[in-house]
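In our numbering, the protein residues as written are 5 to 70.
What follows is the structure in structure tokens.
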């Protein structure tokens, strides 16, 4: 999901998405450790998405978001 799309969501939706992504990151981490994960780049993509959401939440808290 693009940053512009995330900006359209409200805080509750972002918190829900963040929880889901953190759970997915945890699952991918375990799959990678056990050798079941085929696409290792997926872990990095999920981490970047988590960072995007956290950045937007911080901006909103500081009143910088548009």
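Note that the Cβ used here is the ideal one computed from N, Cα and C, for glycine as well.
State yes or no: is the C-beta of residue i within less than 8 Å of the C-beta of residue j?
{"i": "residue 15", "j": "residue 64", "result": "yes"}
{"i": "residue 10", "j": "residue 54", "result": "no"}
{"i": "residue 60", "j": "residue 18", "result": "yes"}
Where residue i and residue j are concerned, what is the direct C-alpha to C-alpha distance, given to the nearest angstrom?
{"i": "residue 44", "j": "residue 37", "result": "11 Å"}
{"i": "residue 22", "j": "residue 66", "result": "19 Å"}
{"i": "residue 6", "j": "residue 58", "result": "14 Å"}
{"i": "residue 98", "j": "residue 62", "result": "It is not possible to answer for residue 98, since the shown part of the chain is limited to 5 through 70."}
Who are the Cβ neighbours of residue i in its own chain at under 7 Å, not counting the five residues just before and after it?
{"i": "residue 28", "result": "50"}
{"i": "residue 46", "result": "32"}
Excluding the 5 residues preceding and the 5 following residue i in the sequence, name in chain order all residues of the same chain whose CB lies nearer than 8 Å to its CB.
{"i": "residue 13", "result": "21"}
{"i": "residue 52", "result": "none"}
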